[in-house]
Amino acid sequence: MPPADDAFTAAWPSVVRQLAAHARSIDEGEELAAEAFARAVAHPDEIDDLVAWCTTVGRRLHLDRVRRGAVRDRALPDLARRAEERVPGETGIDDRLALLHVACDPALGFGSRLVLALRLVCGLDTARIAWHLGIDPRTASARLTRAKRGLAEAAGAFRVPDRVERRARLPTVLECVAAVHAVGQRDALQPDTPADDLGRSALTLATAASLDQPDDAEARALVAVVLLALARRPGRFDDEGVALPLDEVDRMRWDRRLALAGLERAAATAGTGGRFALEASIAALHVAAPTAAATDWATIVALHERLVALRPTPAARVAAAVARGRLALRDGGDLDEVAAALAALEHEGAEASRRDASLALADLAWQRGERAEAAARYAALADALPAPLAAFARRRAGLS
1 MPPADDAFTA AWPSVVRQLA AHARSIDEGE ELAAEAFARA VAHPDEIDDL
51 VAWCTTVGRR LHLDRVRRGA VRDRALPDLA RRAEERVPGE TGIDDRLALL
101 HVACDPALGF GSRLVLALRL VCGLDTARIA WHLGIDPRTA SARLTRAKRG
151 LAEAAGAFRV PDRVERRARL PTVLECVAAV HAVGQRDALQ PDTPADDLGR
201 SALTLATAAS LDQPDDAEAR ALVAVVLLAL ARRPGRFDDE GVALPLDEVD
251 RMRWDRRLAL AGLERAAATA GTGGRFALEA SIAALHVAAP TAAATDWATI
301 VALHERLVAL RPTPAARVAA AVARGRLALR DGGDLDEVAA ALAALEHEGA
351 EASRRDASLA LADLAWQRGE RAEAAARYAA LADALPAPLA AFARRRAGLS
(Lines of atoms letter the chains of each structure in order from A and count residues from 1; the text may use other names and numbers.)
(Lines give C-alpha, C1' and ligand atoms only; values in the text may rest on other atoms or scores of the structure.)
Protein backbone atom coordinates (compact mmCIF):
# COMPACT_ATOMS: atom_id res chain seq x y z
CA MET A 1 0.00 0.00 0.00
CA PRO A 2 1.51 3.37 -1.00
CA PRO A 3 1.99 5.98 1.73
CA ALA A 4 -0.72 8.59 2.27
CA ASP A 5 -0.50 12.01 0.61
CA ASP A 6 0.38 13.74 3.89
CA ALA A 7 3.31 11.35 4.35
CA PHE A 8 4.72 12.46 1.00
CA THR A 9 4.17 16.11 1.89
CA ALA A 10 6.04 15.65 5.17
CA ALA A 11 8.88 13.68 3.59
CA TRP A 12 9.52 15.89 0.56
CA PRO A 13 11.71 18.60 2.16
CA SER A 14 14.07 16.13 3.81
CA VAL A 15 14.41 13.99 0.69
CA VAL A 16 15.04 17.00 -1.57
CA ARG A 17 17.59 18.46 0.84
CA GLN A 18 19.55 15.21 1.12
CA LEU A 19 19.48 14.47 -2.61
CA ALA A 20 20.38 18.06 -3.52
CA ALA A 21 23.36 17.81 -1.18
CA HIS A 22 24.32 14.48 -2.70
CA ALA A 23 24.02 15.68 -6.31
CA ARG A 24 25.25 19.22 -5.56
CA SER A 25 22.24 20.55 -7.49
CA ILE A 26 18.80 21.67 -6.35
CA ASP A 27 17.28 20.95 -9.77
CA GLU A 28 18.67 17.44 -9.80
CA GLY A 29 17.70 16.92 -6.17
CA GLU A 30 14.08 17.77 -7.01
CA GLU A 31 14.13 15.52 -10.09
CA LEU A 32 15.57 12.60 -8.15
CA ALA A 33 13.08 13.09 -5.33
CA ALA A 34 10.16 13.18 -7.76
CA GLU A 35 11.28 9.94 -9.42
CA ALA A 36 11.84 8.28 -6.04
CA PHE A 37 8.38 9.34 -4.87
CA ALA A 38 6.84 7.97 -8.08
CA ARG A 39 8.50 4.63 -7.39
CA ALA A 40 7.26 4.73 -3.80
CA VAL A 41 3.69 5.14 -5.04
CA ALA A 42 4.09 2.07 -7.26
CA HIS A 43 5.89 0.02 -4.59
CA PRO A 44 3.76 -3.02 -3.67
CA ASP A 45 4.95 -3.36 -0.08
CA GLU A 46 4.58 -1.07 2.91
CA ILE A 47 7.43 1.43 3.32
CA ASP A 48 8.39 1.88 6.96
CA ASP A 49 10.62 4.94 6.55
CA LEU A 50 9.62 6.96 3.49
CA VAL A 51 12.47 9.48 3.83
CA ALA A 52 15.17 6.82 4.05
CA TRP A 53 13.61 4.72 1.28
CA CYS A 54 13.26 7.62 -1.18
CA THR A 55 16.69 9.01 -0.33
CA THR A 56 18.31 5.64 -1.01
CA VAL A 57 16.41 5.25 -4.29
CA GLY A 58 17.35 8.78 -5.32
CA ARG A 59 21.04 8.22 -4.64
CA ARG A 60 21.00 5.02 -6.68
CA LEU A 61 19.27 6.85 -9.53
CA HIS A 62 21.95 9.54 -9.43
CA LEU A 63 24.71 6.96 -9.46
CA ASP A 64 23.10 5.26 -12.46
CA ARG A 65 22.89 8.58 -14.30
CA VAL A 66 26.58 9.29 -13.81
CA ARG A 67 27.54 5.75 -14.76
CA ARG A 68 25.84 6.37 -18.09
CA GLY A 69 27.52 9.76 -18.51
CA ALA A 70 30.81 10.86 -19.95
CA VAL A 71 32.26 11.73 -16.52
CA ARG A 72 32.20 8.15 -15.26
CA ASP A 73 35.90 7.64 -14.64
CA ARG A 74 36.33 10.96 -12.85
CA ALA A 75 33.16 10.95 -10.77
CA LEU A 76 32.56 7.34 -9.77
CA PRO A 77 35.09 7.05 -6.93
CA ASP A 78 33.61 10.07 -5.17
CA LEU A 79 30.05 8.95 -5.88
CA ALA A 80 30.71 5.46 -4.59
CA ARG A 81 31.93 6.97 -1.34
CA ARG A 82 28.97 9.36 -1.09
CA ALA A 83 26.47 6.60 -1.83
CA GLU A 84 27.43 4.99 1.46
CA GLU A 85 27.23 8.25 3.39
CA ARG A 86 24.02 9.58 4.86
CA VAL A 87 23.53 13.31 4.68
CA PRO A 88 22.35 14.00 8.21
CA GLY A 89 18.57 14.08 8.38
CA GLU A 90 18.44 14.53 12.13
CA THR A 91 19.35 18.18 12.62
CA GLY A 92 17.23 18.77 15.69
CA ILE A 93 14.80 20.96 13.75
CA ASP A 94 11.84 20.41 11.45
CA ASP A 95 12.92 19.21 7.99
CA ARG A 96 11.02 21.96 6.16
CA LEU A 97 12.58 24.58 8.42
CA ALA A 98 16.00 23.06 7.77
CA LEU A 99 15.46 23.32 4.02
CA LEU A 100 14.20 26.88 4.43
CA HIS A 101 17.41 27.82 6.26
CA VAL A 102 19.44 26.24 3.45
CA ALA A 103 17.51 28.33 0.91
CA CYS A 104 18.14 31.48 2.96
CA ASP A 105 21.92 31.24 2.60
CA PRO A 106 23.46 34.75 2.96
CA ALA A 107 25.61 34.04 -0.10
CA LEU A 108 22.45 34.80 -2.08
CA GLY A 109 20.79 38.18 -2.43
CA PHE A 110 17.62 38.77 -0.42
CA GLY A 111 15.35 38.66 -3.48
CA SER A 112 16.91 35.42 -4.68
CA ARG A 113 16.62 33.87 -1.23
CA LEU A 114 12.95 34.75 -1.01
CA VAL A 115 12.11 33.36 -4.46
CA LEU A 116 14.09 30.17 -3.83
CA ALA A 117 12.49 29.58 -0.45
CA LEU A 118 8.96 30.18 -1.73
CA ARG A 119 9.53 27.80 -4.64
CA LEU A 120 11.63 25.07 -3.08
CA VAL A 121 10.26 24.86 0.45
CA CYS A 122 6.77 26.26 0.16
CA GLY A 123 5.89 24.85 -3.24
CA LEU A 124 4.63 28.06 -4.86
CA ASP A 125 5.04 28.24 -8.63
CA THR A 126 6.86 31.16 -10.20
CA ALA A 127 3.62 32.80 -11.37
CA ARG A 128 2.27 32.99 -7.81
CA ILE A 129 5.62 34.12 -6.45
CA ALA A 130 5.78 36.90 -9.04
CA TRP A 131 2.17 37.91 -8.28
CA HIS A 132 2.88 38.14 -4.56
CA LEU A 133 6.18 40.01 -4.91
CA GLY A 134 4.95 42.34 -7.64
CA ILE A 135 7.60 41.34 -10.18
CA ASP A 136 7.46 40.01 -13.72
CA PRO A 137 7.30 36.17 -13.89
CA ARG A 138 10.43 36.24 -16.05
CA THR A 139 12.22 38.15 -13.31
CA ALA A 140 11.09 35.57 -10.75
CA SER A 141 12.37 32.75 -12.98
CA ALA A 142 15.70 34.51 -13.45
CA ARG A 143 16.08 35.02 -9.70
CA LEU A 144 15.28 31.36 -9.12
CA THR A 145 17.90 30.27 -11.63
CA ARG A 146 20.53 32.58 -10.10
CA ALA A 147 19.69 31.35 -6.61
CA LYS A 148 20.07 27.71 -7.56
CA ARG A 149 23.35 28.42 -9.32
CA GLY A 150 24.64 30.49 -6.42
CA LEU A 151 23.72 27.85 -3.88
CA ALA A 152 25.45 25.16 -5.92
CA GLU A 153 28.60 27.29 -6.11
CA ALA A 154 28.65 28.31 -2.44
CA ALA A 155 30.95 26.23 -0.30
CA GLY A 156 28.99 24.08 2.13
CA ALA A 157 25.71 25.58 0.94
CA PHE A 158 23.73 22.36 1.40
CA ARG A 159 24.75 22.02 5.03
CA VAL A 160 22.03 22.91 7.51
CA PRO A 161 23.44 25.86 9.49
CA ASP A 162 24.05 25.56 13.20
CA ARG A 163 21.85 27.33 15.73
CA VAL A 164 23.93 30.52 15.79
CA GLU A 165 23.83 30.77 11.99
CA ARG A 166 20.12 30.01 12.00
CA ARG A 167 19.62 32.93 14.35
CA ALA A 168 21.28 35.24 11.82
CA ARG A 169 19.09 33.90 9.02
CA LEU A 170 15.89 34.06 11.06
CA PRO A 171 14.59 37.45 9.76
CA THR A 172 14.67 36.18 6.17
CA VAL A 173 13.13 32.88 7.22
CA LEU A 174 10.26 34.66 8.99
CA GLU A 175 9.77 36.91 5.95
CA CYS A 176 9.36 33.80 3.79
CA VAL A 177 6.91 32.20 6.22
CA ALA A 178 4.90 35.43 6.36
CA ALA A 179 4.80 35.47 2.56
CA VAL A 180 3.35 31.94 2.50
CA HIS A 181 0.74 33.03 5.05
CA ALA A 182 -0.12 36.13 2.99
CA VAL A 183 -0.57 34.15 -0.22
CA GLY A 184 -2.78 31.69 1.64
CA GLN A 185 -4.92 34.49 3.05
CA ARG A 186 -5.34 36.14 -0.34
CA ASP A 187 -5.34 33.29 -2.82
CA ALA A 188 -5.81 29.88 -1.18
CA LEU A 189 -8.88 30.65 0.90
CA GLN A 190 -10.41 27.16 0.77
CA PRO A 191 -7.64 24.59 0.17
CA ASP A 192 -8.80 21.36 -1.44
CA THR A 193 -6.23 19.13 0.27
CA PRO A 194 -3.79 19.40 3.20
CA ALA A 195 -0.97 19.74 0.66
CA ASP A 196 -2.64 22.88 -0.72
CA ASP A 197 -3.21 24.46 2.70
CA LEU A 198 -0.71 27.31 2.78
CA GLY A 199 -2.10 28.51 6.11
CA ARG A 200 -1.27 25.22 7.80
CA SER A 201 2.12 25.17 6.07
CA ALA A 202 2.84 28.63 7.44
CA LEU A 203 1.81 27.51 10.93
CA THR A 204 4.09 24.47 10.76
CA LEU A 205 7.07 26.58 9.68
CA ALA A 206 6.40 29.42 12.12
CA THR A 207 6.01 26.99 15.02
CA ALA A 208 9.22 25.19 14.08
CA ALA A 209 11.09 28.50 13.87
CA SER A 210 9.75 29.53 17.27
CA LEU A 211 10.75 26.23 18.85
CA ASP A 212 14.22 26.54 17.33
CA GLN A 213 14.65 30.13 18.60
CA PRO A 214 12.33 30.27 21.64
CA ASP A 215 13.69 33.60 22.89
CA ASP A 216 12.85 35.42 19.65
CA ALA A 217 9.69 37.49 20.15
CA GLU A 218 9.07 37.96 16.43
CA ALA A 219 9.08 34.21 15.78
CA ARG A 220 6.57 33.70 18.60
CA ALA A 221 4.46 36.61 17.36
CA LEU A 222 4.31 35.18 13.84
CA VAL A 223 2.89 31.97 15.29
CA ALA A 224 0.18 34.10 16.91
CA VAL A 225 -0.58 35.87 13.62
CA VAL A 226 -1.07 32.59 11.77
CA LEU A 227 -3.04 30.94 14.60
CA LEU A 228 -5.48 33.85 14.79
CA ALA A 229 -5.97 33.84 11.02
CA LEU A 230 -6.64 30.10 10.98
CA ALA A 231 -9.03 30.48 13.92
CA ARG A 232 -11.17 32.91 11.91
CA ARG A 233 -11.10 30.92 8.67
CA PRO A 234 -14.20 28.74 9.35
CA GLY A 235 -16.45 31.79 9.58
CA ARG A 236 -15.25 33.53 6.41
CA PHE A 237 -17.71 31.80 4.06
CA ASP A 238 -21.42 31.01 3.91
CA ASP A 239 -22.83 27.53 3.29
CA GLU A 240 -22.42 28.00 -0.47
CA GLY A 241 -18.72 28.82 -0.15
CA VAL A 242 -19.17 32.53 -0.81
CA ALA A 243 -16.91 34.91 1.14
CA LEU A 244 -18.65 36.98 3.78
CA PRO A 245 -18.01 40.66 4.59
CA LEU A 246 -16.68 41.42 8.06
CA ASP A 247 -20.09 42.49 9.39
CA GLU A 248 -21.66 39.14 8.42
CA VAL A 249 -18.93 36.75 9.55
CA ASP A 250 -20.29 33.97 11.77
CA ARG A 251 -18.03 34.28 14.81
CA MET A 252 -19.62 31.24 16.44
CA ARG A 253 -17.90 29.10 13.82
CA TRP A 254 -14.44 30.33 14.70
CA ASP A 255 -12.02 27.74 16.07
CA ARG A 256 -11.96 28.55 19.77
CA ARG A 257 -8.91 26.38 20.51
CA LEU A 258 -6.79 28.11 17.88
CA ALA A 259 -8.13 31.51 18.92
CA LEU A 260 -7.17 31.01 22.56
CA ALA A 261 -3.71 29.76 21.61
CA GLY A 262 -3.21 32.76 19.34
CA LEU A 263 -4.47 35.25 21.91
CA GLU A 264 -2.11 33.84 24.53
CA ARG A 265 0.90 34.20 22.24
CA ALA A 266 -0.15 37.66 21.06
CA ALA A 267 -0.41 38.84 24.67
CA ALA A 268 3.04 37.43 25.45
CA THR A 269 4.68 39.42 22.64
CA ALA A 270 2.63 42.63 22.89
CA GLY A 271 4.82 45.66 23.43
CA THR A 272 7.94 44.17 21.86
CA GLY A 273 7.45 46.52 18.92
CA GLY A 274 8.33 44.28 15.98
CA ARG A 275 6.34 43.85 12.80
CA PHE A 276 4.79 40.53 13.74
CA ALA A 277 4.12 41.62 17.32
CA LEU A 278 2.09 44.54 15.96
CA GLU A 279 0.28 42.30 13.48
CA ALA A 280 -0.51 39.84 16.28
CA SER A 281 -1.93 42.62 18.45
CA ILE A 282 -4.16 43.76 15.58
CA ALA A 283 -5.39 40.22 14.93
CA ALA A 284 -6.03 39.71 18.65
CA LEU A 285 -8.29 42.77 18.79
CA HIS A 286 -10.31 41.44 15.86
CA VAL A 287 -10.69 38.03 17.50
CA ALA A 288 -11.54 39.42 20.94
CA ALA A 289 -14.34 41.66 19.63
CA PRO A 290 -17.86 40.18 19.97
CA THR A 291 -18.99 41.91 16.75
CA ALA A 292 -17.47 43.97 13.96
CA ALA A 293 -19.21 47.08 15.31
CA ALA A 294 -17.81 46.50 18.80
CA THR A 295 -14.23 46.19 17.54
CA ASP A 296 -11.73 48.62 19.07
CA TRP A 297 -11.08 50.39 15.78
CA ALA A 298 -9.26 53.32 17.37
CA THR A 299 -6.58 51.06 18.83
CA ILE A 300 -6.39 49.06 15.62
CA VAL A 301 -5.81 52.25 13.63
CA ALA A 302 -3.05 53.29 16.04
CA LEU A 303 -1.37 49.89 15.69
CA HIS A 304 -1.60 50.06 11.90
CA GLU A 305 0.02 53.50 11.97
CA ARG A 306 2.92 52.10 13.98
CA LEU A 307 3.20 49.22 11.53
CA VAL A 308 3.29 51.57 8.54
CA ALA A 309 5.96 53.68 10.25
CA LEU A 310 8.01 50.52 10.76
CA ARG A 311 7.37 48.97 7.36
CA PRO A 312 5.64 51.31 4.88
CA THR A 313 4.78 48.73 2.23
CA PRO A 314 1.73 49.21 -0.02
CA ALA A 315 0.05 46.21 1.63
CA ALA A 316 0.52 47.71 5.10
CA ARG A 317 -0.81 51.06 3.92
CA VAL A 318 -3.89 49.44 2.35
CA ALA A 319 -4.66 47.66 5.63
CA ALA A 320 -4.19 50.91 7.56
CA ALA A 321 -6.54 52.77 5.21
CA VAL A 322 -9.18 50.06 5.59
CA ALA A 323 -8.96 50.40 9.38
CA ARG A 324 -9.25 54.19 9.15
CA GLY A 325 -12.29 53.73 6.95
CA ARG A 326 -13.95 51.49 9.52
CA LEU A 327 -13.30 54.02 12.26
CA ALA A 328 -14.56 56.89 10.11
CA LEU A 329 -17.74 55.02 9.19
CA ARG A 330 -18.46 54.44 12.87
CA ASP A 331 -17.51 57.88 14.18
CA GLY A 332 -18.35 60.10 11.22
CA GLY A 333 -14.77 60.74 10.14
CA ASP A 334 -13.28 61.80 6.81
CA LEU A 335 -14.12 59.05 4.33
CA ASP A 336 -12.91 61.11 1.37
CA GLU A 337 -9.35 60.97 2.75
CA VAL A 338 -9.61 57.19 3.05
CA ALA A 339 -10.97 56.85 -0.49
CA ALA A 340 -8.18 59.04 -1.87
CA ALA A 341 -5.52 56.98 -0.09
CA LEU A 342 -6.95 53.72 -1.44
CA ALA A 343 -7.28 55.14 -4.95
CA ALA A 344 -3.59 56.06 -4.93
CA LEU A 345 -2.68 52.57 -3.71
CA GLU A 346 -4.56 50.97 -6.61
CA HIS A 347 -1.53 51.92 -8.71
CA GLU A 348 1.31 51.09 -6.33
CA GLY A 349 3.09 47.93 -5.28
CA ALA A 350 2.46 44.29 -6.11
CA GLU A 351 -0.63 43.15 -7.97
CA ALA A 352 -1.92 41.54 -4.77
CA SER A 353 -1.89 44.80 -2.79
CA ARG A 354 -3.34 46.75 -5.74
CA ARG A 355 -6.19 44.27 -5.87
CA ASP A 356 -6.72 44.64 -2.12
CA ALA A 357 -6.96 48.42 -2.54
CA SER A 358 -9.53 48.07 -5.33
CA LEU A 359 -11.63 45.67 -3.27
CA ALA A 360 -11.45 48.01 -0.27
CA LEU A 361 -12.69 50.88 -2.46
CA ALA A 362 -15.64 48.78 -3.61
CA ASP A 363 -16.43 47.89 0.01
CA LEU A 364 -16.16 51.54 1.06
CA ALA A 365 -18.56 52.65 -1.68
CA TRP A 366 -21.01 49.95 -0.56
CA GLN A 367 -20.78 51.04 3.08
CA ARG A 368 -21.40 54.67 2.08
CA GLY A 369 -24.57 53.67 0.24
CA GLU A 370 -23.09 54.35 -3.20
CA ARG A 371 -24.40 51.06 -4.52
CA ALA A 372 -24.12 51.76 -8.26
CA GLU A 373 -20.45 52.70 -7.95
CA ALA A 374 -19.83 49.73 -5.67
CA ALA A 375 -21.54 47.33 -8.10
CA ALA A 376 -19.40 48.59 -10.98
CA ARG A 377 -16.23 48.17 -8.93
CA TYR A 378 -17.18 44.66 -7.80
CA ALA A 379 -18.03 43.63 -11.37
CA ALA A 380 -14.67 44.88 -12.65
CA LEU A 381 -12.84 42.91 -9.94
CA ALA A 382 -14.71 39.61 -10.06
CA ASP A 383 -12.59 37.83 -12.67
CA ALA A 384 -9.35 38.68 -10.83
CA LEU A 385 -10.41 37.24 -7.47
CA PRO A 386 -10.18 33.71 -6.05
CA ALA A 387 -13.45 31.77 -6.22
CA PRO A 388 -15.01 32.65 -2.81
CA LEU A 389 -14.27 36.37 -3.21
CA ALA A 390 -15.31 36.32 -6.87
CA ALA A 391 -18.70 34.87 -5.89
CA PHE A 392 -19.07 37.59 -3.24
CA ALA A 393 -18.17 40.32 -5.74
CA ARG A 394 -20.62 38.99 -8.33
CA ARG A 395 -23.35 38.81 -5.72
CA ARG A 396 -22.86 42.45 -4.76
CA ALA A 397 -22.59 43.47 -8.41
CA GLY A 398 -25.96 41.81 -9.07
CA LEU A 399 -24.42 39.29 -11.44
CA SER A 400 -25.57 36.18 -9.56
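Numbering (full-length UniProt numbering), first residue to last: 1 to 400. Here a beta-carbon is modelled for each residue, glycine too, at the ideal position from N, C-alpha and C.
Problem set entry | Buried versus exposed call for L151 [16 or more other C-beta atoms within 10 Å across all chains shown] | buried
Exercise. When DSSP labels each residue in this structure, what does A292 get in the three-state scheme?
Worked result: In this structure, A292 counts as coil in the three-state DSSP scheme.
For this session: Would you mind giving the Cβ-Cβ distance between T295 and H304, rounded to the nearest angstrom? I have them listed as a contact below 8 Å.
Result: About 13 Å; that fails the 8 Å criterion.
Problem set entry | Minimum length 4: unbroken alpha helix (DSSP H) runs contained in the region 338-371 | Whole alpha helix (DSSP H) segments, 4+ residues: 351-367.
Exercise. Between the C-alpha atoms of L118 and T56, what's the straight-line distance to the nearest angstrom?
Worked result: 26 Å
Problem set entry | Under 7 Å between C-beta atoms of L345 and V308 | no
Problem set entry | Burial state of V115, where buried means 16 or more other Cβ atoms lie within 10 Å | buried
Exercise. When you compare only the Cα positions, how much space is there between P234 and R65?
Worked result: 48 Å
For this session: Could you check the C-alpha separation between V180 and R394 for me, to the nearest Å?
Result: Approximately 27 Å between the Cα atoms of the pair.
Exercise. Can you tell which of L263, A391, A221, E370 has the C-alpha that lies nearest to the C-alpha of P171?
Worked result: Closest option to P171, Cα to Cα, is A221.
For this session: Measure the CB-CB distance between A208 and G262 and report whether it falls below 7 Å.
Result: no
Problem set entry | Which listed residue (P44, P137, R368, L359) has its alpha carbon closest to that of F392 | L359
Exercise. In terms of DSSP beta bridges, what is A243 paired with?
Worked result: In the DSSP output, where bridge partners are listed per residue, A243 has F237.
Exercise. What is the DSSP secondary structure of E218, counted as helix, strand or coil?
Worked result: helix
Exercise. With burial defined as no fewer than 16 other Cβ atoms inside 10 Å of the residue's Cβ, what is the status of S400: buried or exposed?
Worked result: exposed
For this session: Compute the minimum distance between the beta carbon of R396 and the heavy atoms of the ligand GDP, and state whether it is under 6 Å.
Result: As presented, the structure is devoid of all ligands, the ligand GDP included, so that no description of it is given.
Exercise. What's the call for P13, buried or exposed, on a 16-neighbour Cβ count within 10 Å?
Worked result: buried
Exercise. To the nearest whole angstrom, what separates the beta carbons of D212 and I93, a pair I think is in contact under 8 Å?
Worked result: 5 Å
Exercise. Does the Cβ of F110 have 16 or more other Cβ atoms within 10 Å, making it buried, or fewer, making it exposed?
Worked result: exposed
For this session: Please look up how many angstroms separate the CB atoms of R169 and P106, rounded, as I've assumed it's under 8 Å.
Result: Confirmed, about 7 Å.
For this session: Would you kindly check if the distance between the Cβ of E218 and the Cβ of G274 is under 7 Å?
Result: yes
Exercise. Anyone know if the C-beta pair for V338 and A321 falls short of 7 Å?
Worked result: yes
Exercise. Nearest to residue 402 by alpha carbon, out of D255, L364, A130, V160?
Worked result: No information on residue 402 is available, as it lies outside the stretch 1 to 400 that the chain covers here.
Problem set entry | Backbone secondary structure at E46 - three-state DSSP | coil
Exercise. Helix, strand or coil: which one does DSSP assign to Q18?
Worked result: In the structure shown, the three-state DSSP call for Q18 is helix.
Exercise. With DSSP run on the structure shown, which of helix, strand or coil describes A206?
Worked result: helix
Exercise. Which of the three DSSP states, helix, strand or coil, is assigned to T269?
Worked result: helix
For this session: Could you work out which residue in A266, G332, A292, A202 is closest to L244 when comparing CA atoms only?
Result: The candidate whose alpha carbon is nearest that of L244 is A292.
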